[in-house]
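Letter by letter, the sequence shown follows residues 497 to 755 of our numbering.
Backbone N, C-alpha and C fix where the C-beta goes; we use that ideal spot for every residue, glycine too.
Remarks on the structure that follows.
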Amino acid sequence: MTNYSDITVERDGPVLTIAINRPDAGNKFRHETCLELHDALQRFRLDSGLRAAVLTGTGEKFFCIGGEHDEATSLDQSQVLPIIDVYQAIDTIPKPIIAAVNGFAVGGGNVLHTVCDLSIAGDNAVFRQVGPMVGSFDAGYGSWYLEDTIGRKRAKEMWYLNRKYTATQALEMGLVNEVVPAAQLRERAAEVARELTSRSPMAIGGLKTAFSGKHNGVSGQARMAHDQLLSVYLTTQEAHELSTSFAERRQPDPDRFWK
497 MTNYSDITVE RDGPVLTIAI NRPDAGNKFR HETCLELHDA LQRFRLDSGL RAAVLTGTGE
557 KFFCIGGEHD EATSLDQSQV LPIIDVYQAI DTIPKPIIAA VNGFAVGGGN VLHTVCDLSI
617 AGDNAVFRQV GPMVGSFDAG YGSWYLEDTI GRKRAKEMWY LNRKYTATQA LEMGLVNEVV
677 PAAQLRERAA EVARELTSRS PMAIGGLKTA FSGKHNGVSG QARMAHDQLL SVYLTTQEAH
737 ELSTSFAERR QPDPDRFWK
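Take a look at the structure:
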């Protein structure tokens, strides 16, 4: 696997585990972290031997507590944290990605697990949005997807009042799918990931594009159409006969469409 400075990657058969590896900094993502996460996710997408991924943080206290900005480059648009690229990759890669929340998931860290397909939390996990306390906000994935997940009023409560929520409270409001003892989190996330590898890749991919298409406008529809075209249409007898007849410069035989 590629050597990274801010993340670790570990492969176990068809399951890839990606961990933000900055525990001394609360597993905050900086510019390099975002680039490495995006690279690892794209490699995951392109590797046909990998069927599911787990996203987590190193250590026992922090999943991720948001972004770390460099004030010296904060006004340079080229240096803005490319975390949106990471959110988008998680949301659109046609393979399941599970968040294993191993501690504090705050700010961008809360958004990070929210955009994952499933979230499994250790019983030590804490969830929070702090944007208005520090003059920040998320007007995209962190608001729309959070509203989809826990409802409009709860999402506004989380953003406006900046309260802390325990793993149990997160489960009750639908922010996570499951809570397990912290010591069993990695094992449980890997177990669910392996369960997902037995599902139809085409169906999972189609469902992901359907869920993400709600908020992605024409790009979401285009992605769904493209992915379905490749995974379904081009494997049909109809497509085979039409493409073959075109190459052979003859009229297609409709009777072959149904064979």
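Mind checking whether residue i and residue j have CB atoms under 8 Å apart?
| i | j | result |
| --- | --- | --- |
| isoleucine 593 | cysteine 612 | yes |
| arginine 624 | lysine 660 | yes |
| alanine 651 | phenylalanine 559 | no |
| leucine 642 | methionine 654 | yes |
| glycine 545 | alanine 515 | no |
| tryptophan 518 | aspartate 502 | The amino acid occupying residue 518 in the given sequence is arginine; tryptophan does not appear at that position. Yes; because the gap between Cβ atoms is below 8 Å, this pair is in contact. |
| phenylalanine 633 | lysine 591 | no |
| valine 550 | alanine 685 | yes |
| glutamine 733 | arginine 745 | no |
| tryptophan 640 | histidine 736 | no |
| valine 626 | asparagine 658 | yes |
| proline 748 | serine 741 | yes |
Roughly how far, in whole angstroms, is the beta-carbon of residue i from the beta-carbon of residue j, given that I think they are within contact range, below 8 Å?
| i | j | result |
| --- | --- | --- |
| glycine 638 | valine 607 | 4 Å |
| glycine 599 | leucine 577 | Between leucine 577 and glycine 599 the Cβ distance is about 21 Å, and since that is not below 8 Å, they are no contact. |
| alanine 635 | isoleucine 616 | At roughly 28 Å, the Cβ-Cβ gap does not stay under 8 Å, so alanine 635 and isoleucine 616 are not in contact. |
| isoleucine 561 | glycine 618 | Incorrect: roughly 15 Å between the Cβ atoms, too far for contact. |
| glycine 604 | isoleucine 579 | 6 Å |
| alanine 670 | threonine 645 | According to the sequence shown, residue 670 is glycine rather than alanine. The Cβ separation is near 6 Å, so the contact holds. |
| alanine 548 | valine 505 | About 14 Å; that fails the 8 Å criterion. |
| glutamate 556 | alanine 678 | 7 Å |
So if DSSP puts residue i in a beta bridge, which residue, or which two residues, is it bridged to?
| i | result |
| --- | --- |
| threonine 504 | Ala515 |
| threonine 552 | Ala515 |
| cysteine 560 | Ala601 |
| phenylalanine 525 | Gly563 |
| threonine 662 | Val622 |
| glutamate 674 | Ile616 |
Determine whether the Cβ of residue i lies closer than 8 Å to any Cβ atom of chain B.
| i | result |
| --- | --- |
| threonine 732 | Although the question refers to chain B, the structure presented lacks it and comprises just one protein chain. |
Whole alpha helix (DSSP H) elements within the stretch 574 to 639, 4-residue minimum: 579 to 588, 604 to 610, 627 to 630
Stretch pair the stretch 695 to 705 + the stretch 577 to 586: three plus CB contacts closer than 8 Å: no
Determine contact between the stretch 668 to 675 and the stretch 531 to 541, defined as no fewer than three beta-carbon pairs at a distance below 8 Å. no
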